[in-house]
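Q: This is the structure I have questions about; it appears just below.
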Amino acid sequence: MSGKKTKFKNVSKEPAPAATRFGGFKNLEELDAKKASDPSRRSASAASASAAASLSGAIREKEAKIEFESSEKGQDEVGKESKEGNVEIMEDLFGAQGKENLEDPDGNSRARSALEEALAADESLPWRRGRLVLLGQGRAGKTSTVRSLMGKPFEEAQASTVGVETGSCQISRSHAVDWQSGHASETEGLIRQLLTKAQPEAHAREGFSSFSPEKPKPCDTKVLMSHLPVEEVAAKLDQDFMTSGHVEGQPITFSTWDFGGQSVFHTLHHLFLTRCSVYLVVFPMTQLGEGPEGPEGPEGAMGMIRYWLNSLALHAKGAPVLLVGTHKDRVGTEAEHRAISARLAQLTGVLDQVQPYTMDGSDGSNAEGLWFFPIDNSLSGTGSDPVVVELRKAIELAAHEDPEDYLHRPIPIRWRGVLDVLLSKEESFVSMQDMKQIAEKQSLPGWQLLPMLQMFHELGVLFHFSTPQELRDIVILQPQWLVTGMCQLIFDWTLHEQEHHKQLKIEMKSAYDAWRHKGIVTRRLLDRLWERGYEQPALKSFLVRFMEEVALVCEVEPDTFLVPCLLPPSPGPGSTKPAAQHTFWLDFSPTFLPDSLFRRLICYAVQKSSGNKLELNLFASDAFMTFDGHPFGLSARRGADLVQADVYSDGAWLVLHTITNLVEHLRLDFMHDLRYDVFLAGGGMRVKKAEVELARERDLENFRPKGTTRRVRTSEFDAFFSAETSPPGVLVDSQWRQLKSTWPFLARHEPKFGPAERAALYTYLRDPGLWGISWAALESIEKDAKETFKGNYRDKSMWHVVQHIVKPSCAKHGVPIALVRNGWQVLPAQDFITHCWAEPFQEFMDSLRHAYDTAVVKPTLFICAFSLFQGEASDIEAALGQSIPQAPFVKALRSAERYVVVRNRMADLYTRAWCLVEYIYAKKLGFYKDKVLITGPNKFSDSTTTCTEIKASSEEDRLKIFKFILDEGGPAIIDPQIQEFRAFDARFVSQNRGAA
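Take the sequence shown: its letters are residues 1 to 996, numbered as in UniProt numbering.
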């Protein structure tokens with residue numbers, strides 16, 4: 001630690017009863033101990049490779065020096081100096097305690113021994129990292145709150161935050177009020193964990209390390225250690241962290257994020273709201289008291305709080321949220337605080353994630369708490385608000401008790417070593433080529449590189465985008481680099497205009513005016529905005545492609561882009577709209593209408609619009625354009641959570657179909673949990689589209705909409721429906737580019753797809769839960785197999801069917817056979833089929849018929865051989881993904897209604913790698929036992945195979961799945977589950993023969 005510590009006098013109240021603060025435990029240490037003793041977490045506890053490797057590097061450097069001098073000294077003297085050198089390093093790091101912990105009973109280095117054992121087993125450690133994210137409207141005091149938590153002096157003239165700003169502080173949990181600004185090295189914390197734990201829990205699983213599928217050679221660990229010199233022990237992570245110490249040497253680390261609160265940044269925020277975080281929604285209490293009506297008064301402040309709580313429910317559902325009220329120096333009485341809390345309690349439906357401020361009564365009992373933490377940031381640096389102290393404790397506790405339990409997620413120790421190297425770098429990003437070299441020096445197996453990057457991306461440590469192709473070659477180590485680049489283009493003009501922007505106004509006036517007043521930016525202007533820190537053409541292309549990918553910008557002409565969040569607020573005074581012939585609404589009140597949705601809808605709609613895109617009338621809440629010559633207008637009515645569409649011609653059906661499909665694409669792309677209804681105007685009423693469709697299906701002349709006493713003629717809505725049997729395909733260019741980049745086979749077969757086929761492929765490939773094949777389609781494949789193999793049909797396996805029927809179909813049509821045989825209908829996969837390709841195909845079909853023989857309507861099925869595109873090796877790699885949780889099998893299983901086991905007489909399913917993964921997830925997702933269907937010959941019921949004997953067609957897949965099995969508990973956990981399922985398997989068949 002460098003720099004002077006800032007200490008505060010402890011003036012906090014006595015802590016609340018243990019049952020209130022720690023869920024029945026006396027303290028956080030006891031809570032941690034309980035979690036650590038949970039068998040399901042044992043695989044997540046081990047000696048730290050990164051920490052021990054850094055320490056080992058220091059020791060090796062000292063040993064090398066001594067070895068060089070050995071020719072002039074006796075062996076005993078050399079050995080003595082070696083030990084003294086190790087002690088010296090330990091004392092530098094930990095003082096006398098390091099000296100005591102240096103050796104094991106045999107005189108060897110504890111850290112080094114633990115490291116070598118852990119590396120040999122390729123063990124994992126609990127993650128113990130999270131993020132503290134501050135949200136709220138502009139000028140709410142978020143930055144001052146961060147400074148207050150960090151103990152930095154209050155700055156009254158604190159500038160408004162542009163985009164997102166990361167800060168750091170260290171928290172010592174044993175001294176909760178002794179916070180200090182600085183850096184926290186994960187390496188140092190993990191070394192402490194290594195040396196203070198007498199028996200690492202990961203080694204408590206007897207015989208665990210002997211099952212490593214790719215056990216490194218003895219020289220591998222030495223090579224790894226040699227790449228971690230002494231300097232890395234003292235290296236500080238260049239990303240700042242908030243670290244809470246643990247009495248047993250197991251720190252919890254939070255990165256702190258302070259987001260710009262101005263509405264122009266809301267589109268950026270949704271890129272960073274993740275589940276693995278603790279959120280503070282900050283608001284000024286002065287706006288929730290008595291005040292004027294409008295955005296500056298209580299109504300506006302409540303609206304912003306509701307907006308952020310809705311956003312978190314949408315993008316980080318389940319993450320803990322704490323409300324923080326600032327300016328307690330101006331709103332300081334208990335009566336005022338309780339009045340504000342009562343007002344917040346009116347936010348019904350959005351407080352589920354909020355954790356209140358619990359308080360103590362004068363007699364030590366629990367008093368009525370508040371929905372928020374009232375704090376005074378002006379005391380920071382000179383004193384301490386006791387509520388700030390309680391806020392620090394609440395942040396810690398929220399992370400500990402988060403049911404997602406990401407703090408204990410097992411991360412391989414080799415990954416931690418790579419992470420330390422990455423975060424110690426001064427660069428904001430590295431190329432993928434450099435990334436591979438770093439991984440190789442850390443002895444990281446090549447097949448683990450992309451899964452590691454994906455995991456760290458999900459956890460918010462770095463950014464790496466596996467798709468599209470243009471984004472794959474850069475690994476972003478400092479997210480601020482990405483945000484800063486975007487904030488050169490997207491910012492609040494009233495607060496954040498800088499001097500070089502004024503220079504651009506002089507040198508490039510027309511381009512500047514288009515940017516400032518129309519949200520139009522040229523490539524030439526972008527080159528000027530990114531001339532510092534983003535000089536390389538590849539970096540500029542990366543930023544543009546990234547912003548296109550997340551629909552922040554769209555290309556309207558070659559090298560000219562629209563930036564919807566910079567559009568002017570509304571049409572000028574005196575402007576009029578033509579009379580609408582037809583109107584419909586998208587009602588988002590089942591959730592809410594995010595600002596970013598309407599902006600992204602403009603991005604998508606402009607790409608589908610006809611005519612000159614630079615002459616469209618576009619505004620922040622209104623847009624006027626045409627689809628195939630049919631003019632229409634869109635309006636965002638955010639207070640009512642509505643998007644209104646007025647159609648100024650007879651093309652209501654075309655506009656309705658296109659807009660609703662674009663919104664559905666947006667939902668799938670960015671806001672999967674968003675819900676909305678479509679309403680149509682007709683007969684002087686606003687009627688839900690689903691009710692009109694039902695009346696049309698029943699050929700009703702008129703009907704009574706729900707909630708009304710009037711009847712309306714069905715023909716009033718005819719303009720919104722068409723006699724055409726196939727609606728036009730709706731897919732914007734940026735979406736198709738993204739899809740091609742993700743799925744290589746699309747580019748090879750692109751000429752075969754029309755607009756309707758592209759739209760179907762987009763829907764199908766985005767969600768494996770929609771990779772169902774109908775029973776009729778399955779029987780058509782069976783028919784082709786009988787005709788192809790004729791007399792040899794009984795002897796042919798699923799593999800033969802794939803080679804002779806499925807692959808030729810994929811090559812001919814360019815899409816998975818399930819989609820073709822379904823008649824290009826995208827069908828949800830109701831039942832998930834787990835099976836083995838070695839099975840005789842006739843036996844497979846007979847088993848399925850046996851399973852569904854009493855089902856009048858057969859379900860749609862996920863069958864990997866038919867649902868995936870069977871082409872080149874790269875196609876299969878793209879389909880399987882880089883990490884097991886993201887594999888299509890897992891995603892399809894999450895959406896399925898039943899898990900169906902199709903046994904066979906050729907191979908034991910539980911020795912096939914992917915089948916075992918499917919079983920483990922079926923168990924996790926609650927299919928066992930009530931939603932399981934088992935069919936086929938039970939030849940392997942007496943088998944005693946272990947999960948360490950798995951097989952796969954790809955060695956890389958086998959290694960990846962083997963690591964997954966070990967992280968799930970290894971043979972000690974998985975093998976008994978398999979045997980239990982085998983027993984259930986046998987009982988199921990005898991008790992449920994013929995059940996569907």
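For glycine and all other residues, C-beta sits at the position ideal for the given N, C-alpha and C.
Do K960 and W415 have their C-beta atoms within less than 8 Å of each other?
A: No, they are not a contact pair.
Q: Classify R21: buried if its beta carbon has 16 or more other beta carbons within 10 angstroms, exposed otherwise.
A: In this prediction, R21 scores a pLDDT of 39, lower than 50, which makes its location untrustworthy; the coordinate-derived value is nonetheless stated afterwards. R21 should be labelled buried.
Q: Since S604 contacts L662 with CB under 8 Å, what's their CB separation in whole angstroms?
A: The sequence shown places Tyr at residue 604, rather than the Ser named in the question. Y604 to L662, Cβ: 5 Å. Contact.
Q: Less than 8 Å between the beta carbons of F283 and A140, yes or no?
A: A contact, by the Cβ cut-off of 8 Å.
Q: Have a look at N377 and V647 and give me their C-alpha separation to the nearest angstrom.
A: Those two C-alpha atoms are separated by around 52 Å.
Q: On the criterion of 16 or more Cβ atoms from any shown chain inside 10 Å, does G332 qualify as buried, or is it exposed?
A: When all chains shown are included, G332 counts as exposed.
Q: Please return the same chain residues whose Cβ sits closer than 7 Å to the Cβ of D875, not counting the five positions on each side in sequence.
A: Within the same chain, D875 has close Cβ partners P744, F745, F869.
Q: Quick check on this structure: which residue in L634, Q454, C810 has the alpha carbon closest to the alpha carbon of W585?
A: It is L634 whose Cα lies nearest to the Cα of W585.
Q: Looking at C-alpha atoms only, which residue of T935, G772, P564 is the closest neighbour of Y852?
A: Ranking the options by Cα distance to Y852, first place goes to T935.
Q: Rounded to the nearest angstrom, what separates K152 and I375 at their Cα positions?
A: Approximately 15 Å between the Cα atoms of the pair.
Q: Considering only the alpha carbon of each residue, which of H457, E470, W493 lies closest to L477?
A: The shortest C-alpha separation from L477 is found at H457.
Q: With 16 other CB atoms within 10 Å as the buried threshold, where does P578 fall?
A: Answer is exposed; the Cβ neighbour count stays below 16.
Q: Suppose you measure from the CA of F717 to the CA of V692; what does that come to, to the nearest Å?
A: Approximately 8 Å between the Cα atoms of the pair.
Q: Could you tell me which whole beta strand (DSSP E) segments of length 3 or greater appear in the segment 868-946?
A: 898-902, 932-935, all fully within the segment 868-946.
Q: Taking 6 Å as the limit between beta carbons, can you name the residues of its chain near A620, skipping five residues before and five after?
A: So the list reads L567, P569, once near-sequence residues are dropped.
Q: Grab the span of the alpha helix (DSSP H) containing P126 for me, first residue to last.
A: No alpha helix (DSSP H) holds P126; the beta strand (DSSP E) holding it covers 124-126.
Q: Would residue 1082 pass as a contact of L893 if the rule is Cβ separation under 8 Å?
A: Nothing about residue 1082 can be reported from this structure: the residues present for the chain run from 1 to 996 only.
Q: Pull up the DSSP beta-bridge partners for R545, would you.
A: The partner list for R545 (beta bridge, DSSP) is empty, contrary to what the question assumes.
Q: Given this structure, state the Cα-to-Cα distance separating E470 from R958, to the nearest angstrom.
A: Straight-line Cα distance between these residues: approximately 29 Å.
Q: Pairs of beta-carbons, one from the segment 897-909 and one from the segment 917-931, closer than 8 Å: are there three or more?
A: Counting Cβ pairs under 8 Å, three or more are found: they touch.
Q: Between which residues of its own chain and Y793 is the CB-CB distance below 7 Å, once the five residues before and five after are set aside?
A: Hits under 7 Å: A785, K786, Q842.
Q: By Cβ distance below 7 Å, which residues in the same chain neighbour D846 in space, the five residues on each side in sequence not counted?
A: Once the five neighbours on either side are set aside, D846 has no close Cβ partner at all.
Q: Taking a contact to mean a Cβ-Cβ separation below 8 Å, would you say T286 touches H327 in this structure?
A: Yes, the Cβ-Cβ distance between T286 and H327 is below 8 Å.
Q: Going by DSSP, what residues sit across from P284 in a beta bridge?
A: In DSSP, P284 forms a bridge with T326.
Q: Please return the same chain residues whose Cβ sits closer than 6 Å to the Cβ of R905, not counting the five positions on each side in sequence.
A: Here the set comprises P937, K939.
Q: Under 8 Å: do the segment 582-601 and the segment 298-315 share three or more Cβ pairs, one atom per stretch?
A: Touching, yes.
Q: Using the C-alpha atoms, what's the distance from S609 back to K540?
A: Their Cα atoms are separated by approximately 27 Å.
Q: With three or more beta-carbon pairs closer than 8 Å as the criterion, would you say the segment 638-647 touches the segment 548-557?
A: Too few Cβ pairs lie closer than 8 Å, so no.
Q: May I ask which residues mark the beginning and end of the alpha helix (DSSP H) holding I395?
A: Per DSSP, I395 belongs to the alpha helix (DSSP H) from 386-401.
Q: Look at the alpha carbon of A811 and the alpha carbon of I805, and state the distance between them as a whole number of angstroms.
A: Between A811 and I805, the C-alpha separation is close to 10 Å.
Q: If you check the beta carbons only, do L761 and L778 fall under 8 Å apart?
A: Not closer than 8 Å, so no.
Q: On the three-state DSSP scale, how would you describe E368?
A: Correct three-state label for E368: strand.
Q: With DSSP collapsed to three states, give me the class of K425.
A: Looking at K425 - three-state DSSP - the assignment turns out to be coil, as it is neither helix nor strand.
Q: Quick check on this structure: which residue in R147, S380, G325, G572 has the alpha carbon closest to the alpha carbon of T256?
A: The residue with the shortest Cα to Cα distance from T256 is R147.
Q: Is it buried or exposed, K689, if we count other Cβ atoms within 10 angstroms and call 16 or more buried?
A: Per the 10 Å Cβ criterion, buried.
Q: Touching or not, the segment 527-546 and the segment 474-488, by the rule of three or more beta carbon pairs under 8 Å?
A: Enough Cβ pairs lie closer than 8 Å, so yes.
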